Amino acid sequence: MNVYEESRQTLNRDGFVVLRQFLSPTGLRELTDALERYIREVVPGLPDSSAFYHDRARPETLKQMQHFQRAPFLTDYPLQDEWLAMAAGLLGEPAVSMGPEWFNKPPGVEHPTPPHQDNFYFKLSPPQVITAWLALDPTDEENGCLRYVTGSHQRGLRSHAETQVLGFSQGITDYGPDDAARESAVTLHPGDLAVHHGETIHLADANHSSTRQRRAFALVYRGVSAHVDADAKERHQSSVNRQHMGFGLKPRDASS
Numbered sequence: 045m046n047v048y049e050e051s052r053q054t055l056n057r058d059g060f061v062v063l064r065q066f067l068s069p070t071g072l073r074e075l076t077d078a079l080e081r082y083i084r085e086v087v088p089g090l091p092d093s094s095a096f097y098h099d100r101a102r103p104e105t106l107k108q109m110q111h112f113q114r115a116p117f118l119t120d121y122p123l124q125d126e127w128l129a130m131a132a133g134l135l136g137e138p139a140v141s142m143g144p145e146w147f148n149k150p151p152g153v154e155h156p157t158p159p160h161q162d163n164f165y166f167k168l169s170p171p172q173v174i175t176a177w178l179a180l181d182p183t184d185e186e187n188g189c190l191r192y193v194t195g196s197h198q199r200g201l202r203s204h205a206e207t208q209v210l211g212f213s214q215g216i217t218d219y220g221p222d223d224a225a226r227e228s229a230v231t232l233h234p235g236d237l238a239v240h241h242g243e244t245i246h247l248a249d250a251n252h253s254s255t256r257q258r259r260a261f262a263l264v265y266r267g268v269s270a271h272v273d274a275d276a277k278e279r280h281q282s283s284v285n286r287q288h289m290g291f292g293l294k295p296r297d298a299s300s
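Just remember that our numbering sits 44 ahead of the position in the sequence shown, which is counted from 1.
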């Protein structure tokens, strides 16, 4: 029996589902301790393509981490049984981890997330892919919570173009009032998990709080039936590299 069947039905209908208190307080503390240790001990020595800042001269403006290095607990974290079971239950087939990322919206920094669809980055067919977004802080409309366009995953990929937002190289070009009318703002507590389909349109406002972080740990899983379109992925990576060079960063092979 699939214990996630009801949640899977919600995901298939709306394009997203929220699993409240997915991670226990003990599990959350273990993860946040590992992330804080990584930020303190490893991040200062990373290449600039693995840790993004609003202002690299200000460590407190760290906004995104990927390609975790020298941190086996974090790189192996998505392979834990409870996470793989969740992903398989929601995808309806065995799941494969595509790796974790860490996101933040520091207070006092203007940093909206443009409307986009993750599978425009991933290039998977069929689009059997989910992103599981774990809240590490309370998230609400003041500090830039996720906003999903309900049902948008049922309409396929939209046109995207390069953005000026580091870490989100592509954004939807024709996002309009009809999309905005179907937005659902998702308020989360630490340990809550928001899971969305790879073709669900989502976005987030800037953090308008003067004191509160908005940190999250995101894990991406594809179903075993999904495969990468290598040619499309290579074209996308060229776009990522152009963006990174425009920000003065050294390009790398892995996408972001």
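C-beta: ideal position from N, C-alpha, C; glycine also. Please read these numbers as outputs of a predicted model, since none were measured by experiment.
{"Check": "CA-to-CA distance, Leu79 to Ala274, given in whole angstroms", "Outcome": "32 Å"}
{"Check": "Residue(s) in a DSSP beta bridge with Ala132", "Outcome": "According to DSSP, which records beta bridges pairwise, Ala132 is partnered with nothing at all."}
{"Check": "For Val173 and Val86, believed in contact at Cβ under 8 Å, the rounded distance", "Outcome": "Incorrect: roughly 28 Å between the Cβ atoms, too far for contact."}
{"Check": "Segment contact, 8 Å Cβ cut-off, at least three pairs: the stretch 244-255 with the stretch 134-151", "Outcome": "yes"}
{"Check": "Per-residue burial, Val47 [other beta carbons within 10 Å of its own, 16 or more giving buried]", "Outcome": "exposed"}
{"Check": "Secondary structure of Pro69, DSSP reduced to three states", "Outcome": "helix"}
{"Check": "Proximity of Pro138 and Val268 at Cβ, strictly below 8 Å", "Outcome": "yes"}
{"Check": "Cutoff 6 Å; reference Tyr219; Cβ partners in own chain excluding five residues on either side", "Outcome": "Pro159"}
{"Check": "Given His111 as reference, the closest of Phe147, Gln198, Leu67 and Gly242 once Cα atoms are compared", "Outcome": "Phe147"}
{"Check": "DSSP beta-bridge partners of Gly216", "Outcome": "Before going on, a small fix: residue 216 reads as Ile here, not Gly. Note: Ile216 sits in a beta bridge opposite His204."}
{"Check": "Inter-residue CB distance, Thr231 and Asp184 (contact presumed, cutoff 8 Å)", "Outcome": "5 Å"}
{"Check": "Inter-residue spacing [alpha-carbon to alpha-carbon] between Asp297 and Val62", "Outcome": "Since pLDDT at Asp297 reaches only 48, below the 50 mark, its modelled position is unreliable, and the value read off the structure follows with that caveat. Distance between the alpha carbons of Asp297 and Val62 is about 33 Å."}
{"Check": "Which residues DSSP lists as bridging Phe60, in chain order", "Outcome": "His240"}
{"Check": "Cut-off 6 Å between Cβ atoms - residues of its own chain near Ala262, not counting five sequence neighbours on either side", "Outcome": "Glu145, Thr175 and Trp177"}
{"Check": "Rounded straight-line distance, which links the Cα of His240 to that of Val140", "Outcome": "16 Å"}
{"Check": "Residue of Asp222, Trp127 and Ala260 minimising C-alpha distance to His233", "Outcome": "Ala260"}
{"Check": "Minimum C-alpha distance to Ala238 - residue among Phe164, Lys167, Gln208 and Leu134", "Outcome": "Leu134"}
{"Check": "Closer than 8 Å to chain B by CB, Thr119", "Outcome": "The question asks about chain B, but that chain is absent: this structure has only one protein chain."}
{"Check": "DSSP-derived helix/strand/coil call for Lys107", "Outcome": "strand"}
{"Check": "Pick from Gly235, Gly195, Arg258 and Leu201 that is closest to Ser228, judged by C-alpha positions", "Outcome": "Gly195"}
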